[in-house]
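Inspection log for the structure reproduced underneath, given as structure tokens.
There are 2 protein chains.
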Amino acid sequence: MGASRSFRPYDGTVNGSVEDSTTVEVDAAVAAATAAAPQLAATPPRRRAVWWYTVAQALVAAQDELAALADAETALGTARLEGEVDRAAGQLRFYSDVAAEGSHLGIAVDSATETTPELRRVHQPLGPVAVFGASNFPFAFGSLGHDTASALAAGCPVIVKAHPAHPLLSVRLVELAQDALAAAGAPDGTISTVHGMAAGVALVQHPQVRAVGFTGSQGGGLALWRAANERDVVVPVFAEMGTVNPVVVTAAGASDPARIAAGYVESFTLGSGQFCTKPGLLLVPSGAGVAAAVADRLARTPAPAPLLTRSIAEAAAGGVADMAAAGARVVARVPGTGAGWAVDTTVLTAPAAALTGGSRLLEECFAPVSVVVEYASSEELDGVLSRLQGCLVGAVMTGGESDPDAPRVVAQLATKAGRVAVDTWPTGVALGWAQHHGGPWPATTSPAHTSVGASALARWVRPVVYQSAPAAWLPDAGRPGNPWGVTRCVDGVREPARRAEVDHPAASGSSAS
Amino acid sequence: MGASRSFRPYDGTVNGSVEDSTTVEVDAAVAAATAAAPQLAATPPRRRAVWWYTVAQALVAAQDELAALADAETALGTARLEGEVDRAAGQLRFYSDVAAEGSHLGIAVDSATETTPELRRVHQPLGPVAVFGASNFPFAFGSLGHDTASALAAGCPVIVKAHPAHPLLSVRLVELAQDALAAAGAPDGTISTVHGMAAGVALVQHPQVRAVGFTGSQGGGLALWRAANERDVVVPVFAEMGTVNPVVVTAAGASDPARIAAGYVESFTLGSGQFCTKPGLLLVPSGAGVAAAVADRLARTPAPAPLLTRSIAEAAAGGVADMAAAGARVVARVPGTGAGWAVDTTVLTAPAAALTGGSRLLEECFAPVSVVVEYASSEELDGVLSRLQGCLVGAVMTGGESDPDAPRVVAQLATKAGRVAVDTWPTGVALGWAQHHGGPWPATTSPAHTSVGASALARWVRPVVYQSAPAAWLPDAGRPGNPWGVTRCVDGVREPARRAEVDHPAASGSSAS
């Protein structure tokens with residue numbers, strides 16, 4: 001058996017290690033989840049919310065400890081990480097509230113007519129979900145992040161595959177959740193964790209695992225997607241992966257190059273450039289002086305924090321070299337600390353003609369690395385945009401509502417991205433009912449789905465329609481009288497949920513996010 | 001170049017033939033669809049409805065001609081086929097009305113707060129959709145069937161891959177639709193058709209084709225799904241495929257074996273057993289006399305009509321032989337006509353122990369062939385049900401609301417099927433808001449989706465969220481004031497659509513369905 005060693009990115013020293021899970025341990029985790037699934041599914045979302053709110057409270061109560069542990073494994077800084085603990089707690093509460101509203105249940109009723117039967121549709125939780133969290137947001141997209149929180153809220157037990165970038169934190173987070181859930185009376189097996197690459201593959205292949213959530217690299221996500229597609233019973237893999245997110249500055253939007261440069265540098269260096277929404281490509285009008293302003297800004301920017309892992313740092317250095325080989329030129333660089341998984345902040349520039357299909361310049365470099373490209377005409381800009389891969393987010397910096405170029409750019413970005421941001425940088429994903437954090441292939445394996453926002457729950461359920469069934473034989477959620485008080489579609493007309501308080505322990509006791 | 005020969009299943013004579021499409025023709029069809037896509041997407045659903053209603057009118061106006069042509073190619077009988085023309089017309093109207101309600105647009109608005117931006121989500125039509133219709137319902141699931149009608153309603157152009165079982169009808173149907181659409185002012189390229197297996201593969205691999213709808217065999221559907229998964233940009237394949245649909249008769253439900261037998265025989269022989277909802281497995285209590293009653297009923301049942309194609313007829317004969325080799329025994333048979341693609345109606349029986357994973361008895365035989373299995377105990381019944389593949393529909397025949405076994409059977413069927421029917425046979429799929437015609441893998445490639453019912457439109461769209469965008473730069477559907485009057489989610493609260501008449505030509509001029 002192997003083990004995951006936990007490294008301190010600041011200096012490369014070892015924090016400790018966690019042994020890989022055995023096959024027996026993986027089977028036990030899945031069996032426990034399978035046993036918990038029916039009780040989770042049958043419990044009203046307003047009642048399940050008590051459990052998830054309890055986990056949120058436990059997170060916030062352990063905020064300092066968790067942030068310190070995470071910083072030792074990720075070098076993301078305790079201030080940012082403390083905020084992220086609050087954010088993860090807020091997510092658990094948000095998805096609990098969304099579940100109580102019940103859109104994900106898809107309740108629809110067609111009343112019987114003289115010629116047609118009564119139909120009552122109820123979406124059912126899929127059962128055990130395997131979650132492969134991200135390295136770059138150890139709380140918000142980690143073991144207890146969006147995938148886990150939305151799956152639990154939808155009524156599915158979760159088996160977390162711990163990320164090798166922060167194995168000690170993964171252990172601690174799931175222990176904390178298990179303790180909170182046990183105290184709150186949730187079934188055993190509601191959440192558990194496994195370690196090691198073999199355990200991850202075993203999870204995806206396990207007959208009782210019904211869906212997979214993944215956040216990370218294209219290589220990792222597509223490998224899991226292929227493994228799931230080879231099962232006897234194929235299950236969905238919802239992988240949110242990295243691609244290049246473009247930001248277009250229109251001619252009218254380029255009037256203040258220093259302001260653009262300041263926003264751009266702040267955005268692409270956030271978290272040492274390890275955001276899936278990082279602007280990897282800045283498209284600016286020729287001659288507007290944006291590239292020079294970026295170089296100037298970078299000259300006044302401190303050294304970046306080290307990257308999450310040695311392999312990410314190595315890939316970043318290799319990526320810059322590959323981009324140079326693909327026709328880009330380094331225009332500004334901020335040397336890294338030199339210690340641990342250090343990296344240089346690097347801005348390159350390339351001619352628009354170099355951005356052709358298959359170019360390394362159109363692939364993500366997961367680091368504080370970004371490319372500035374000048375376009376000479378709207379035709380050239382359109383050409384570059386049309387050759388981009390699908391992405392999570394595209395942004396446009398404009399001259400305001402009268403900007404003649406902006407509507408066309410917005411429309412074109414909408415064909416490539418899951419989110420189009422106007423006069424705002426792409427990093428930062430607000431959590432709400434309308435949010436969509438997804439995008440066309442290969443930004444995700446399932447462009448219709450989101451990993452952030454109320455609709456994230458939709459990934460973990462499957463419709464079943466009951467034809468002419470007596471009320472007592474229906475799942476509670478779909479019975480006449482709407483006992484769970486959720487939103488429904490009755491004979492084609494949408495009914496809002498009956499607003500009632502979630503039965504949770506005082507939410508006011510925990511921080512807002 | 002090859003050609004699709006059209007056969008008359010009654011006697012095996014040739015009706016005519018249609019030449020396979022060339023690569024140039026496939027490219028031209030996709031290019032025309034691609035050109036039409038923006039106009040379709042930008043036209044309000046209430047206005048698009050005019051176009052689809054016009055197609056429905058044209059179908060009904062040509063009802064006699066179409067039914068006669070279809071009968072020559074399918075042997076399904078003109079009475080049934082005339083009704084199916086009405087049904088297909090009704091589907092076009094239904095999906096038009098559903099699009100006007102607008103759930104598929106997923107409009108959601110999060111108002112800006114002090115700390116979060118305004119978000120406005122709008123689902124966008126995917127663009128050109130390739131539809132591979134079914135052979136067994138040449139109108140309802142054919143070239144202008146559910147997949148085509150729902151894709152058009154959602155605002156996507158459609159390229160139909162003509163089914164080789166009815167190539168002449170496919171040509172005629174698409175011509176008819178094109179003529180109607182041209183007269184109504186819809187863009188060229190809204191619908192077109194291609195012929196031949198190579199053209200079908202080219203469609204699925206074409207970079208401009210954004211999604212695939214398929215209804216048919218597991219072999220065909222999974223081949224397309226694999227081909228789509230090998231694209232540079234993978235696209236979804238929504239395949240609805242054949243599996244064995246179980247019907248359970250509880251102890252209390254078996255009190256009148258003759259009634260059970262009559263319903264069963266009628267159901268599994270409908271359309272010569274060529275329904276995707278055919279009951280392929282009847283599970284009856286030991287000693288209740290149901291098998292004998294079925295044999296008795298079959299002795300008074302006329303010869304079945306021939307099957308759709310020679311290959312289906314050959315597969316049916318082979319299937320019965322394979323089932324016998326897998327431990328089943330023929331208990332009753334009605335000889336076929338002997339002419340054309342004739343088939344025997346066949347009922348087999350097998351011990352419950354023979355229904356093990358991988359057995360031929362757990363795979364579909366697309367013909368008037370079904371298997372009766374007696375179970376000795378509820379444990380034995382549970383065991384059989386747990387070993388079934390995912391299926392479109394399961395049914396239970398009960399002793400009424402006090403039946404002690406029925407709730408457990410309903411719950412177990414819900415884990416295997418997309419629809420659970422109570423005291424009604426599984427054949428027949430009502431069209432409505434709540435309907436779900438789908439099911440767990442391998443009944444479909446996408447168990448979250450349906451090919452029948454209001455939610456069928458959801459397959460053909462993709463979310464995009466606009467962050468802080470001026471109203472004028474948004475797609476009309478998502479603008480403030482809700483100009484399309486569709487259902488929305490505003491700050492977490494569902495709003496019903498503003499009910500307004502669809503701007504269609506007098507719907508009363510066409511038959512009800």
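Quick mapping for you: the protein sequence lines, in order, are chains S and D. Residues in the first sequence are numbered from 1 upward in steps of one, following UniProt numbering. Residues in the second sequence are numbered from 1 upward in steps of one, following UniProt numbering. Beta carbons: idealized from backbone N, C-alpha and C, even for Gly.
Item                                                                                                                                                                                          : Value
Taking S/V369 and S/A295 to be in contact with their CB atoms under 8 Å, please state how far apart those CB atoms are, rounded to whole angstroms.                                           : Contact doesn't hold; Cβ gap of about 14 Å is too wide.
Which residues in chain S sit within 7 Å of D/N229, going by Cβ to Cβ distance?                                                                                                               : N229
Which chain S residues are close to D/P496, counting only those with a beta carbon under 7 Å from its beta carbon?                                                                            : V493, R494
Let me see if you follow: with CB-CB separation under 8 Å, is S/W473 close to chain D or not?                                                                                                 : yes
Going by DSSP, what residue range makes up the alpha helix (DSSP H) through D/P257?                                                                                                           : 257–269
One question on the structure: do S/A62 and S/N15 come within less than 8 Å of each other, judged by their Cβ atoms?                                                                          : no
Can you name the start and end residues of the alpha helix (DSSP H) that residue 517 of chain D belongs to?                                                                                   : No answer is possible for residue 517 of chain D: the residues shown for chain D start at 1 and end at 513.
Could you pull out every residue in the same chain whose Cβ sits closer than 7 Å to the Cβ of D/E101, ignoring the five residues on either side in sequence?                                  : V486, T487, A497
Here's a check: name, in chain order, each residue in its chain whose Cβ is nearer than 8 Å to the Cβ of S/P306, leaving out the five neighbours to either side.                              : P9, Y10, A75, S272, A313, G336, T337, A339, G340, W341, A342, V343
Report yes if the C-beta distance between D/I260 and D/A251 is below 8 Å; otherwise report no.                                                                                                : no
Tell me which same chain residues have a C-beta within less than 6 Å of the C-beta of S/A37, skipping the five on either side of it?                                                          : G127, P157
Please compile the residues from chain D whose C-beta is within a distance smaller than 7 Å of the C-beta of S/A108.                                                                          : W433, A434
Within this structure, are the beta carbons of S/G280 and S/N245 separated by less than 8 Å?                                                                                                  : yes
In the DSSP output, which residue or residues are listed as bridge partners for D/Y375?                                                                                                       : D/P285
Straight-line CA distance for D/F132 to D/V160?                                                                                                                                               : 6 Å
Beta carbons nearer than 9 Å to chain S: which residues of the stretch 443–460 of chain D have them?                                                                                          : T445, S446, P447, A448, H449, T450, G453, A454, S455, A458, R459
How about D/P45: is its C-beta nearer than 8 Å to some C-beta of chain B?                                                                                                                     : Of the chains in the structure shown, none is chain B; the protein chains are S and D.
Could you check which residue in D/T34, D/C365, D/L381 has the C-alpha nearest to that of residue 586 of chain D?                                                                             : Residue 586 of chain D lies beyond the residue range present for chain D, which begins at 1 and ends at 513; the question has no answer from this structure.
Buried or exposed: where does S/A506 fall if 16 or more other Cβ atoms within 10 Å of its Cβ makes it buried?                                                                                 : Residue placement at S/A506 is poorly supported in this model, since its pLDDT is 43, which falls under 50; the coordinates are not used for a value here.
Which partner residues of S/E240 appear in the DSSP bridge assignment?                                                                                                                        : S/T215, S/T444
How should S/A430 be labelled, buried or exposed, when 16 other C-beta atoms within 10 angstroms of its C-beta is the threshold for buried?                                                   : buried
Please go through the same chain and pick out, in chain order, the residues whose beta-carbon is closer than 7 Å to the beta-carbon of D/S513, but skip the five residues on each side of it. : Reliability fails at D/S513, whose pLDDT of 34 lies under 50, so the model's placement of it is uncertain and the value that follows must be treated cautiously. D86, R87, A89, G90, listed in sequence order.
I'd like the list of long-range same chain contacts for D/V249, defined as Cβ closer than 8 Å, with 5 residues on each side in sequence excluded.                                             : I260, L282, L283, V284, P285, A288, V290, V396, M397
For S/C489, would you say it is in contact with chain D, using Cβ-to-Cβ distances shorter than 8 Å as the test?                                                                               : yes
Taking all protein chains shown into account, do 16 or more other C-beta atoms lie within 10 angstroms of the C-beta of D/R48, making it buried, or fewer, making it exposed?                 : buried
Is the Cβ-Cβ distance between S/E84 and S/F137 less than 8 Å?                                                                                                                                 : yes
Please confirm if S/R93 has its CB atom under 8 Å from at least one CB of chain D.                                                                                                            : no
With distances taken Cα to Cα, identify the nearest neighbour of D/S386 among S/V265, S/P207, S/L222, S/D423.                                                                                 : S/P207
Distance check for S/G428 and S/R462, CA to CA, integer angstroms please.                                                                                                                     : 30 Å
If S/S192 sits next to S/V209, beta carbons under 8 Å apart, how far is it from one beta carbon to the other, in whole angstroms?                                                             : Not quite, the Cβ-Cβ distance comes to about 12 Å (not below 8 Å), so this is no contact.
Hey, D/P125 and D/L59: beta-carbon distance below 8 Å or not?                                                                                                                                 : no
Using alpha carbons as the reference points, say which of D/A417, D/T445, D/A3, D/L119 lies closest to D/L222.                                                                                : D/T445
Should S/G400 go down as buried or exposed, given a rule of 16 or more other Cβ atoms within 10 Å for buried?                                                                                 : exposed
Three-state secondary structure (DSSP) at S/I107?                                                                                                                                             : coil
With DSSP as the reference, label D/Q467 as helix, strand or coil.                                                                                                                            : strand
Say whether chain D places a C-beta atom closer than 8 Å to the C-beta of S/A31.                                                                                                              : no
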